[in-house]
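Some notes on the structure that comes next.
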Amino acid sequence: MDNNTTPTTATPTTPPPPPPYQHLLQQQHQQLQMFWNYQRQEIEQVNDFKNHQLPLARIKKIMKADEDVRMISAEAPILFAKACELFILELTIRSWLHAEENKRRTLQKNDIAAAITRTDIFDFLVDIVPRDEIKDDVGVGVGVGGMVGSNTASGMPYYYPPMGHRPLGWVG
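Below you can see the structure in the form of structure tokens.
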């Protein structure tokens, strides 16, 4: 070793703390994981499949709205009811997380729109989300996920049914 060189001591470097947004994402991910773990445990423990949060008759009516559906087994509406319940719960949780990010205690339609745009599995809903609201939100200012709260001009949401589907009760 050369006498002219000074020995260097290695100081352990700690990574910088994650930005607040990263911490928020981790918390949200943990909340969703807890939700799904709870739902899984609840499903595994269920013995009575006849009690549901959603009316089976309504689900069966929606299923029969498709002209190709002729008959529906007794189990199918039960499975659809649970699937719909889980879908609604997850979308609500993700929407609520957006409301909390914006320091609000009231769930608004822009929270639902933000949850849809942030989550890949909800991509199929992008065309159903009120389009005017998304444009207004981005124009007002960009928040997390590009969404900031505002109402449509009439205050009423616009919903676009999927192409090729007729609404229930459609005559024509």
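full-length UniProt numbering numbers the first residue of the sequence shown as 1 and each following residue consecutively. Beta carbons: idealized from backbone N, C-alpha and C, even for Gly.
Open item on the list: Classify Pro130: buried if its beta carbon has 16 or more other beta carbons within 10 angstroms, exposed otherwise.
Closed with: Within the sequence shown, the letter at position 130 stands for residue 130. Classification for Pro130: buried.
Task: Integer-rounded CB distance, given that Ala83 should sit under 8 angstroms from residue 198 - done: Lying outside 1 to 172, the shown extent of the chain, residue 198 is not represented and no answer is given.
TODO: Let me know the beta strand (DSSP E) ranges lying completely inside the segment 67–141, each 3 residues or longer, listed in chain order.
DONE: none
- [ ] Out of Leu79, Gln41 and Glu44, point me to the one whose CA is closest to Gln53's CA.
- [x] One-based indexing of the sequence shown puts residue 53 at position 53. Selected option, being the one with the closest Cα: Leu79.
- [ ] Could you say which of Ile62, Ser73 and Gln31 lies nearest to Ser95 if we only look at CA atoms?
- [x] Position 95 of the sequence shown, counted from the first residue, corresponds to residue 95. When each option's Cα is compared against that of Ser95, the closest is Gln31.
TODO: To the nearest angstrom, report how far apart Asn110 and Lys60 are at their CA atoms.
DONE: As a first step, residue 110 must be located in the sequence shown, where it is residue number 110. As a first step, residue 60 must be located in the sequence shown, where it is residue number 60. The straight-line gap from Cα to Cα measures roughly 30 angstroms.
- [ ] Could you spell out where the alpha helix (DSSP H) holding Ala57 opens and where it closes?
- [x] Within the sequence shown, the letter at position 57 stands for residue 57. Where Ala57 is concerned, the enclosing alpha helix (DSSP H) stretches over Leu56 to Lys64.
Open item on the list: Helix, strand or coil for Gln30? Go by DSSP, reduced to three states.
Closed with: For this step, residue 30 is matched to residue 30 along the sequence shown. Correct three-state label for Gln30: helix.
Open item on the list: Can you find the residues in the same chain that come closer than 8 angstroms, C-beta to C-beta, to Val126, ignoring five residues on each side of it along the sequence?
Closed with: Walking along the sequence shown from the start, residue 126 turns up at place 126. The residues are Ile116 and Thr117.
Task: DSSP-derived helix/strand/coil call for His23 - done: Position 23 of the sequence shown holds residue 23. DSSP places His23 in helix when its eight states are reduced to three.
Open item on the list: What does the Cβ neighbour count give for Ala57, buried or exposed, with the cut at 16 atoms within 10 Å?
Closed with: As a first step, residue 57 is located in the sequence shown; it is residue number 57 there, counting from the start. Exposed, by the Cβ-count rule.
Open item on the list: Which of the three DSSP states is assigned to Gln39 in this structure?
Closed with: Residue mapping note: residue 39 aligns to position 39 of the sequence shown, counting from 1. Here Gln39 sits in helix by DSSP.
- [ ] Run the CB neighbour count on Ile112, radius 10 Å, all protein chains shown included, and call it buried at 16 or more, exposed below.
- [x] Working through the sequence shown from its first residue, we reach residue 112 at position 112. Ile112 comes out buried.
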